[in-house]
Every structure is written in C-alpha cells, then in structure tokens.
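Chemist: Residue numbers (the working numbering): 3 to 253.
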C-alpha cells in the first residue's frame, strides 16, 4: 500500500480565499480529514501537513511532505476569482501533464463531475511550490469555486461523496504509487546526525552497506535492502553476531 500525505491548503494567518465569511482553509481542512479517514479505512497509510488551523508556508508544506517519505502528495484547495458566480467547476493542477499523477488527476476530475461539478480539466502549474518542491508525485485539487453559490451548495450537500470520489480514484491507482516492499535492518536511532554518521562508518568498516534515513526528530541507520524477508533475517543474524541490537524495518 502507498503512503499518502494530504495537505489542507492555507491555514492559520492565511485563510485562503474568503467569500461571505466562508474561509477556504476551513473547507480544505474538513475535506482533508474526511478524505484521510476514508483512505485509512481502505488500508492506506495517511499523514497530514496539518490537522488544525495553523499557519504554514508552501515551502513548509512541501518539506513536511518530503520528510514523511510518502508516495503521493495531495493538496486540497477551493478556487476563486474576482467576480462571484462567474466561474464554476473543479480542476486539478500538476507540475506537468504527464505520468501517473496526471492520470490520477483526470480520474479525480471525472469522478467529481459525476456529482454535478463542471470538469475544468487538468492544468500544468510548474510554479507552485507544493508541486515543484515535493519529491513524490503531487496533485492540487481545486474543489469548486468558493465564491460560486452553486459550487458551495454541491460542496456542502455532497461533502461525503466528494471525499469518497477522490478516495476512489486514489484507491483505484494505489498499486501505481506503491513502492515494492523493501526490508532493511536498523542498527540505531539517534537524535544527533553526527552520532548516526559515526554508527554508519563503524558498520561500513565491518563490511556492511547502509544509509542514514531521517525519521522525524531522529536519524535511523539502516543496513542492506532486500525484497526478501528471509534474506533480511539472515542479515540481521550477521549484524547481531557483530554486536548490534537490530530491528527489521519495511520501506
């Protein structure tokens, strides 16, 4: 199963677009939590850039996404324009219109179209930070115009269905985003990067190959890499014989 990070656009001091006291940041967060719950029920690992009304720059959102080691980045937004009720519909933005992210974007638009939204298509936006700076495939969904009364009615009345239709598109392509299983042996977890470096150098001097992986506030020293759990167990025995406390980890 892939890991998905969901980004509720804006937040905190940045409410996003506002229309008749309706704030885009609040709509984005509500939909993100609903979507995440549906994906989790389907067995997909979900993390969020935010779960409350906090301020984040686009760079911070992209950084959180990269540090999460997720396989797919989904940013949720509502569209807007200077003239209320002039435009309506959903569109999904991508860095470039290519690959599996673009296919997912089209699936999502088509699914939301069945709920009554106008399908405005897939648009390239290479200048957007959350599409340019993320290390994984990324999409940004504009779930209707917040200053269009018909789109807001659809958003409110079919809120659960919107989350389900986005989730259905992700679930249908989950195998396209999932990475093959990879087993490695962890020999240490450190707060200081210098300590992790020293541990890795010691392991290399004993004939093992590995790397340092960031895990939140910690740095893990991981040895080897195989799609066979049995081979990972063999490596673990070798490391234990060399005096290490070990843990087999996946991913």
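Positions of the beta carbon are idealized from the N, C-alpha and C atoms, including for glycine.
Using DSSP with H/G/I as helix, E/B as strand and the rest coil, what is residue 168?
Modeler: Note: residue 168 maps to helix in three-state DSSP.
Chemist: Would you kindly report the start and end of the unbroken alpha helix (DSSP H) that includes residue 38?
Modeler: Note, residue 38: alpha helix (DSSP H), 26 to 43.
Chemist: Buried or exposed for residue 231, please, with buried defined as at least 16 other CB atoms from any protein chain shown within 10 angstroms of its CB.
Modeler: By the neighbour-count rule (16 or more Cβ atoms within 10 Å), residue 231 is not buried but exposed.
Chemist: Per the contact definition of three or more C-beta pairs closer than 8 Å, is the segment 58 to 71 in contact with the segment 186 to 201?
Modeler: Contact fails: fewer than three Cβ-Cβ distances are below 8 Å.
Chemist: Please confirm if the segment 35 to 42 is in contact with the segment 85 to 99, defined as three or more CB-CB distances below 8 Å between the two stretches.
Modeler: Output reads no: the segment 85 to 99 does not touch the segment 35 to 42.
Chemist: Check whether the segment 134 to 148 touches the segment 78 to 85, counting contact only when three or more Cβ pairs, one atom from each stretch, lie closer than 8 Å.
Modeler: Output reads yes: the segment 78 to 85 touches the segment 134 to 148.
Chemist: Could you compute how far the alpha carbon of residue 180 sits from the alpha carbon of residue 75?
Modeler: The straight-line gap from Cα to Cα measures roughly 13 Å.
Chemist: Excluding the five sequence neighbours on either side, which residues of its own chain have a C-beta within less than 6 Å of the C-beta of residue 125, listed in chain order?
Modeler: Closer than 6 Å at Cβ, skipping near neighbours: 93 and 95.
Chemist: Going by Cα to Cα distance, which pick from 219, 251, 175 and 225 is closest to residue 105?
Modeler: Of 219, 251, 175 and 225, the residue nearest in Cα terms is 175.
Chemist: Output the distance between the C-alpha atoms of residue 221 and residue 70, rounded to the nearest integer angstrom.
Modeler: Computed Cα separation, rounded: 13 Å.
Chemist: Given this structure, state the Cα-to-Cα distance separating residue 169 from residue 6, to the nearest angstrom.
Modeler: Rounded to the nearest angstrom, the two C-alpha atoms are 11 Å apart.
Chemist: On a Cα-Cα basis, can you pick out the residue from 178, 163 and 34 that is closest to residue 51?
Modeler: If we check each option's Cα against that of residue 51, 34 comes out closest.
Chemist: Looking only at its own chain, which residues have a Cβ that is under 6 Å from the Cβ of residue 29, when we skip the five neighbours before and after it?
Modeler: If we look at residue 29 and ignore the five residues flanking it on each side, its Cβ neighbours are 80.
Chemist: Starting from the C-beta of residue 228, find all residues in its chain whose C-beta is less than 6 Å away, skip the five residues before and the five after it, and write them out in chain order.
Modeler: Around residue 228: 185 and 234.
Chemist: How should residue 195 be labelled, buried or exposed, when 16 other C-beta atoms within 10 angstroms of its C-beta is the threshold for buried?
Modeler: With fewer than 16 Cβ atoms within 10 Å of its Cβ, residue 195 is classed as exposed.
Chemist: Compute the distance between the beta-carbons of residue 86 and residue 21, then report whether it is under 8 Å.
Modeler: Against a cut-off of 8 Å, the Cβ pair of residue 21 and residue 86 comes out as a contact.
Chemist: Is residue 236 helix, strand or coil when you go by DSSP?
Modeler: Note: residue 236 maps to helix in three-state DSSP.
Chemist: Where do the ends of the beta strand (DSSP E) carrying residue 81 lie?
Modeler: That run of the beta strand (DSSP E) goes 74 to 81.
Chemist: Should residue 167 go down as buried or exposed, given a rule of 16 or more other Cβ atoms within 10 Å for buried?
Modeler: It counts as buried.
Chemist: Look up residue 123 in the DSSP assignment and say whether it is helix, strand or coil.
Modeler: If DSSP states are grouped into helix, strand and coil, residue 123 belongs with the strands.
Chemist: Alpha carbons only, please: which of 116, 138 and 44 is nearest the one belonging to residue 65?
Modeler: It is 138.
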